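Single-structure report; data block below.
Protein chains: 2
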Amino acid sequence: MAVSMYPISVPVFVKHLNGLAGCLKKAQALYAEKKYDEATLIHYRFYPDMFNFARQVQAMCDHAKTCTALLSGIEAPKYEDNEKSLAELIARVEKTVAFLKTVQPGQIDSTEDKAITIKMRDRELNLKGLELLLNRSMPNFYFHATTAYDILRHNGVEVAKRDFMGNA
Amino acid sequence: MAVSMYPISVPVFVKHLNGLAGCLKKAQALYAEKKYDEATLIHYRFYPDMFNFARQVQAMCDHAKTCTALLSGIEAPKYEDNEKSLAELIARVEKTVAFLKTVQPGQIDSTEDKAITIKMRDRELNLKGLELLLNRSMPNFYFHATTAYDILRHNGVEVAKRDFMGNA
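If you're matching them up, the sequences are chains A and B in order.
Its first residue numbered 1, the first sequence is counted upward by one per residue in this note's numbering.
Its first residue numbered 169, the second sequence is counted upward by one per residue in this note's numbering.
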């Protein structure tokens, strides 16, 4: 079992994206059964200046696909950030997973020293591949994944840690 | 920049534990200034069957120290899980960081294939070192770190993503 860039990145993203897709499907079933308005969940946020639920899911997807694209040099698909239902959010997660699965281990491995430049609004960020993964992509990915999960739990969706872990 | 077990584990734990310690200190200052009862935060939970805030912080610390102990073979300090104030939670985070810093890179590197056995309530879990880190310790660490952060934000503590990232 070798430690290299691929096993510590893409499969981790895929595992938790699949986990979140399962959580979203449970939410969809509950909201349909109870005739709850999905918009109340889509727009829910823990504090006025935090991302709402839809943006948490979008950001989780984007950190996974952007990291994978930057490391591999393969252009990532662009999404419009206009999801308005759980079905649309599930579709976004699933197309993100489909993109990640097109990338082969050999296209990610050995990118730990690759020079990466990220254009921010007001500056450029220069990082090596491993720094991108450990200091930016992975913590943000987990941050948005967990916050999305916490919002589901807080709104009464019956999901458990094994769903988050992608083990359900 | 080599990819090996140490850089993808202990420094990640330390960075976000320091980040959370900073968040806890901001919470402490706010609750003192506003004369809020810290117990309302310590006991806050997003849903009745989720961990409360204190247990989120305890679990974050424990996943970091247990993973580090299992990989290195160095016994981790035991904590009593009896923190009742922000000051006590800060002390727990700080003593966890102090333990992690006693472990040297050479004691963690090359443990990716190490056979690890975890005693669960009703069974044993057998994992290799890298599986422990990627499939158990790191996702749980980030899960509890983020949920603790989200609880602080939801309760009005003015922390930001850079605090979570340990960059503040």
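Glycine is no exception: its CB is placed at the ideal position from the N, C-alpha and C atoms.
This structure is a prediction, so every number in the text was calculated from the model and none was measured.
Using DSSP with H/G/I as helix, E/B as strand and the rest coil, what is residue i?
i: Ala283(B); result: strand
i: Phe141(A); result: helix
i: Asn335(B); result: coil
i: Tyr6(A); result: coil
i: Asp205(B); result: coil
i: Arg162(A); result: helix
i: His322(B); result: helix
i: Glu131(A); result: helix
i: Tyr44(A); result: coil
i: Met228(B); result: helix
i: Phe53(A); result: helix
i: Arg289(B); result: coil
Tell me the residue span of the alpha helix (DSSP H) that contains residue i.
i: Leu20(A); result: Val10 to Lys34
i: Leu243(B); result: For clarity, residue 243(B) is Glu in the given sequence; the question names Leu instead. Careful: Glu243(B) lies outside any alpha helix (DSSP H) and carries neither H nor E.
i: Lys263(B); result: Leu254 to Thr270
i: Leu127(A); result: Segment Glu124 to Lys128 is the beta strand (DSSP E) holding Leu127(A); no alpha helix (DSSP H) there.
i: Pro105(A); result: Pro105 to Ile108
Note down, in chain order, each residue of its chain lying with its Cβ closer than 7 Å to the Cβ of residue i, except the 5 sequence neighbours on either side.
i: Arg321(B); result: Val327
i: Gly297(B); result: Met173, Leu239, Thr279, Glu280, Asp281, Lys282 and Ile284
i: Gln224(B); result: His312, Thr315, Ala316 and Ile319
i: Phe267(B); result: Lys233, Ala244 and Pro245
Of all the CB atoms in chain A, is at least one closer than 7 Å to the CB of residue i?
i: Ile176(B); result: yes
i: Arg321(B); result: yes
i: Tyr199(B); result: no
i: Tyr204(B); result: no
i: Tyr310(B); result: yes
Quick one: does residue i have its CB under 7 Å from some CB of chain B?
i: Ser4(A); result: yes
i: Glu112(A); result: yes
i: Asp150(A); result: yes
i: Phe53(A); result: no
i: Phe13(A); result: no
i: Thr146(A); result: yes
i: Arg92(A); result: no
i: His176(A); result: For chain A, the structure presents residues 1 to 168; residue 176(A) sits outside this window and is missing.
i: Phe99(A); result: no
i: Leu79(A); result: Looking at the sequence provided, one finds Tyr at residue 79(A) rather than Leu. So no, Tyr79(A) is outside the interface.
Considering only residues of the same chain and omitting the five flanking positions on each side of residue i, which have a CB-CB separation below 8 Å?
i: Lys269(B); result: Val182
i: Val271(B); result: Val178, Thr236, Ser240 and Ile242
i: Thr40(A); result: Asn155
i: Phe332(B); result: His184, Gly187, Leu188, Cys191, Ala313, Thr314 and Tyr317
For residue i, I'd like the list of residues in its chain whose CB is within less than 6 Å of its CB, leaving aside the five on either flank, ordered along the chain.
i: Ala227(B); result: His312
i: Asp359(B); result: A question about residue 359(B) goes unanswered here, because the residues of chain B that appear run from 169 up to 336.
i: His184(B); result: Ala313 and Gly334
i: Met173(B); result: Ile276, Asp277, Thr279 and Glu280
i: His231(B); result: Ser305, Asn308 and Phe309
i: Arg45(A); result: Asn52
i: Met218(B); result: none
Output yes if chain E places a C-beta closer than 7 Å to the C-beta of residue i; else output no.
i: Tyr212(B); result: The structure shown contains no chain E; the protein chains it does contain are A and B.
Is residue i near the ligand ADP, going by C-beta to nearest heavy atom under 6 Å?
i: Lys35(A); result: For the structure depicted, the ligand ADP is absent and the ligand set is empty, with no information on it obtainable.
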